[in-house]
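Reviewing the structure listed below.
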Amino acid sequence: MTENSKLLQPENPVGIIGYGAYVPKYRLPATEVSKVWTDGVGGLPVVEKSVPGIDEDVVTMSIEAARNAMNRARIDVSEVRAVWVGSESHPYAVKPTSTIVAEAIGAVPNTQAADWEFACKAGTEAMVAAMGLVGSKMAKYAIAIGMDTAQGRPGDPLEYTAAAGGAAFVIGPADEALAEIECTYSFVTDTPDFWRRAYQKYPEHGHRFTGEPAYFKHVTEAAKYMLETSETKAEDYAYVVFHQPNAKFPQTVGKQLGFTPEQIKTGLLVSEIGNTYSGAAIIGLTAILDEAKPGDRILMVSYGSGAGSDAMILKVTDQIDDRRKNAPSTRSYISRRKEIDYATYARMRGKLTMK
Amino acid sequence: MDIPRHWRLKKQRYALVGEVCDHCDSKVFPPRDICPDCGEEAKTLYSFSGKGEVYSYTKVFEAPAGFDENAPYTVAMVKLEEGPLVTAQLTDLDESNLEIGMPVEMVTRKLRSATDERGMLVYGYKFRPVMA
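Same order as they appear, the protein sequences are chains R and L. The C-terminal residue of the first sequence carries number 778 in our numbering, and the numbering is unbroken. The C-terminal residue of the second sequence carries number 145 in our numbering, and the numbering is unbroken.
Here is the structure:
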């Protein structure tokens with residue numbers, strides 16, 4: 424590392440002890456949205472998106488991802504000292520998602536529990552905080568989750584992509600890790616590209632303003648600083664995963680940074696499941712961990728509107744092969760698929776006025 | 014006021030936490046502190062695996078109050094691999110595959126809102142077809 428580094432690095436090395444993904448079963452093809460709102464005319468940002476079942480929300484989805492992560496971690500749940508859930512679709516305005524998740528996995532009562540919010544990077548925010556808690560030896564293990572059931576106004580461009588899914592990670596000491604997190608870097612500015620005001624059902628966004636000054640600026644600055652400061656190059660990484668609001672943005676930024684389609688493709692899930700918001704970059708990471716080999720290096724860069732990016736360098740260890748079989752793969756959730764039409768989607772997402 | 018009841022039942026509802034009889038090793042669900050097999054005290058907590066199979070099922074079209082948003086839905090008696098029979102909704106179902114004996118696994122899902130849209134959310138176990 425170079426001197427005067429702005430990288431965030433814990434004093435004691437940390438890593439991912441267990442990881443788990445979750446994607447609901449239902450899929451809404453983008454053609455269903457365009458059929459209703461544009462007469463089927465125009466390009467589509469994804470093939471289809473995942474839709475939560477009528478009995479699913481960020482609580483239930485986080486519970487399943489956390490159980491998968493714990494099955495891979497194979498640790499005593501009484502040693503977990505934090506359960507943190509990042510999302511922009513917590514079921515309650517006031518009452519933590521995280522206490523329900525912690526109760527369901529048996530992590531109560533000797534634990535921190537809190538909900539995080541930073542648009543689409545709430546999940547990596549929780550991961551970075553968990554790195555600090557574990558890296559300072561305040562705690563042996565912490566669980567960080569990023570999960571969303573994203574909202575899209577009917578007819579809005581976001582309706583094609585606003586999806587459901589995410590991932591959970593058990594963070595712990597590096598010598599027990601299946602992937603060490605070597606360092607992280609956050610790049611944050613006040614950039615109003617996307618927001619949802621209090622009591623509003625759907626978010627607003629700045630259309631083209633969400634591109635250059637928002638997504639591309641923050642992802643690029645975070646990735647560039649990370650590469651320069653860690654004295655690594657694109658070719659040093661086996662895999663790279665970016666926040667993926669659509670199929671185009673992550674591929675464009677990846678190319679600009681010198682990464683090949685081969686490095687990007689494993690973690691690029693948006694065409695098949697849509698934009699899972701707080702879950703988007705990190706569920707891509709779980710798909711990578713499902714196939715990575717010991718020694719592989721991974722670069723992950725999240726993005727959250729408002730705006731900021733967290734970049735992370737991970738190095739896979741030889742404990743990966745033994746752990747990953749202990750929970751369903753991310754691909755097995757993606758292939759568990761039931762297509763629905765727009766009318767069913769409208770009912771499942773509460774878009775029909777009943778009273 | 015339902016809040017204390019929902020709060021008291023949370024462990025069994027969220028994670029199928031029942032009891033095991035220290036005398037005859039029977040697994041007990043829902044927890045009742047007395048073993049239904051040998052009649053002795055059974056207070057040791059036991060987390061069920063969540064695996065089981067459909068023992069019988071029916072489809073509900075006229076749902077009771079609080080569940081109408083989910084109708085129509087399928088309710089099953091599920092024979093847990095540890096022995097007890099539990100009644101629960103099935104979810105994420107492909108109805109063409111539904112049959113007695115179908116292997117299922119427990120998932121924690123939203124059961125209902127305790128009252129209206131202002132009420133607390135009630136979470137609990139349902140069963141889905143076992144993931145391949």
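Ideal placement from N, C-alpha and C gives every residue a C-beta, glycine not left out.
Checklist entry - How big is the Cα-Cα spacing for R620/R and A542/R? => result Computed Cα separation, rounded: 12 Å.
Next on the checklist: Helix, strand or coil, according to DSSP, for K92/L in the structure here?
Outcome noted: Correct three-state label for K92/L: strand.
Checklist entry - What are the uninterrupted segments assigned as beta strand (DSSP E) that are 3 or more residues long and contained completely in the region 635 to 679 of chain R, given in chain order? => result Counting whole runs of 3 or more residues, the region 635 to 679 of chain R contains the beta strand (DSSP E) stretches 662 to 665.
Checklist entry - Which class does P684/R belong to by DSSP, given the choice of helix, strand or coil? => result Reduced to three states, the DSSP call for P684/R is helix.
Next on the checklist: Quick check on this structure: which residue in A730/R, S732/R and G707/R has the alpha carbon closest to the alpha carbon of I721/R?
Outcome noted: It is G707/R.
Next on the checklist: Taking the straight line between their C-alpha atoms, what separation do you get for S39/L and A101/L?
Outcome noted: S39/L and A101/L have their C-alpha atoms spaced approximately 21 Å apart.
Next on the checklist: F639/R and Q679/R - do their beta-carbons sit closer together than 9 Å?
Outcome noted: Yes.
Checklist entry - Looking only at DSSP bridge pairs, what is C37/L linked to? => result In DSSP, C37/L forms no bridge with anything.
Item to check | Span separating the alpha-carbon of H630/R from that of S732/R | outcome: Roughly 19 Å between the two C-alpha positions.
Checklist entry - Are the Cβ atoms of R746/R and R497/R separated by less than 9 Å? => result Yes, the pair counts as a contact, with Cβ atoms nearer than the cut-off.
Item to check | Among E644/R, S653/R and P452/R, the one whose alpha carbon lies nearest that of L467/R | outcome: Relative to the Cα of L467/R, the nearest Cα in the group E644/R, S653/R and P452/R belongs to P452/R.
Item to check | 3 or more residues per run - each beta strand (DSSP E) lying fully within the region 475 to 557 of chain R | outcome: If only complete runs of 3 or more residues are kept, the region 475 to 557 of chain R shows the beta strand (DSSP E) at 503 to 509 and 535 to 539, in order along the chain.
Item to check | DSSP-derived helix/strand/coil call for S457/R | outcome: Taken through DSSP and simplified to helix, strand or coil, S457/R comes out as helix.
Next on the checklist: I'd like the list of long-range same chain contacts for R141/L, defined as Cβ closer than 6 Å, with 5 residues on each side in sequence excluded.
Outcome noted: A distance below 6 Å between beta-carbons, with the five flanking residues on each side excluded, links R141/L to the following residues of its chain, in chain order: T104, D105 and V120.
Checklist entry - Can you tell which of W539/R, A444/R, V470/R and D478/R has the C-alpha that lies nearest to the C-alpha of R770/R? => result Nearest of W539/R, A444/R, V470/R and D478/R to R770/R, Cα basis: D478/R.
Checklist entry - On the premise that I594/R lies in contact with A567/R, defined as a C-beta separation below 8 Å, what is that separation, rounded to the nearest angstrom? => result The distance from the Cβ of A567/R to that of I594/R is about 6 Å, consistent with a contact at the 8 Å cut-off.
Next on the checklist: Taking DSSP's pairing of strands, which residues face C606/R in a bridge?
Outcome noted: C606/R pairs with I736/R.
Checklist entry - So what does P150/L bridge to, in DSSP terms? => result With chain L covering 14 to 145 only, the question about residue 150/L has no answer from this structure.
Checklist entry - Expressed to the nearest angstrom, what Euclidean distance is found between the alpha-carbon atoms of I767/R and T87/L? => result Residue identity check: residue 767/R is Thr in the sequence provided, not Ile. Distance from the CA of T767/R to the CA of T87/L, rounded to the nearest whole angstrom, comes to 18 Å.
Item to check | Rounded straight-line distance, which links the Cα of A530/R to that of M71/L | outcome: One point to set straight first is that residue 71/L is Thr, not Met, in the sequence displayed. About 35 Å.
Next on the checklist: Distance cutoff 9 Å, beta carbons only. Does V517/R sit that close to anything in chain L?
Outcome noted: Taking Cβ atoms only, chain L never reaches closer than 9 Å to V517/R, which makes this a no.
Next on the checklist: Can you tell me whether P626/R is helix, strand or coil according to DSSP?
Outcome noted: Of the three classes helix, strand and coil, the one that applies to P626/R here is coil, per DSSP.
Next on the checklist: Could you check whether the Cβ of Q25/L sits closer than 9 Å to any Cβ belonging to chain R?
Outcome noted: Not one chain R Cβ lies under 9 Å of Q25/L.
Item to check | Contacts of R122/L in chain R (Cβ-Cβ under 8 Å) | outcome: Annotation: Cβ neighbours of R122/L in chain R (cutoff 8 Å, chain order): G476, D478, E479 and T483.
Item to check | Minimum Cβ-Cβ distance from S60/L to chain R less than 9 Å | outcome: Interface annotation, S60/L: in contact with chain R, CB-CB separation under 9 Å.
Checklist entry - CA-CA distance, T683/R and F610/R? => result Their backbone Cα atoms lie some 24 Å apart in a straight line.
Item to check | Neighbourhood of T534/R by C-beta distance below 7 Å, restricted to the same chain and skipping five residues each side | outcome: Correct list, in chain order: V503, R504, A505, V506 and A525.
Next on the checklist: Can you give me the C-alpha to C-alpha distance between A573/R and S473/R, rounded to a whole angstrom?
Outcome noted: Separation of A573/R and S473/R (C-alpha to C-alpha, rounded to the nearest whole angstrom) is 10 Å.
Next on the checklist: Cβ closer than 7 Å: which chain L residues qualify as neighbours of I486/R?
Outcome noted: Around I486/R, the beta-carbon contacts reaching into chain L at under 7 Å are T121.
Checklist entry - Name the DSSP bridge partner or partners of A78/L? => result Answer is none; A78/L lacks a bridge partner.
Checklist entry - Below 8 Å, can you find three or more Cβ-Cβ pairs linking the region 444 to 462 of chain R to the region 544 to 563 of chain R? => result Cβ pair count under 8 Å is below three, so no.
Next on the checklist: Just to confirm before moving on: does the CB-CB distance between A723/R and V663/R stay below 9 Å?
Outcome noted: Note on residue identity: the sequence assigns Met, not Ala, to residue 723/R. Their beta carbons are under 9 Å apart, which means M723/R touches V663/R by this criterion.
Next on the checklist: Please list, in chain order, the chain R residues whose beta carbon lies closer than 8 Å to that of D15/L.
Outcome noted: Here the premise fails: no neighbours, minimum Cβ distance about 16 Å.
Item to check | beta strand (DSSP E) segment containing D571/R, residue limits | outcome: That run of the beta strand (DSSP E) goes Y564 to T572.
Item to check | The beta strand (DSSP E) enclosing M723/R, as first and last residue numbers | outcome: That run of the beta strand (DSSP E) goes R720 to V724.
Checklist entry - Among the residues of its own chain, which have a CB less than 8 Å from the CB of G465/R, if the five just before and after it don't count? => result So the qualifying residues of the chain are S457.
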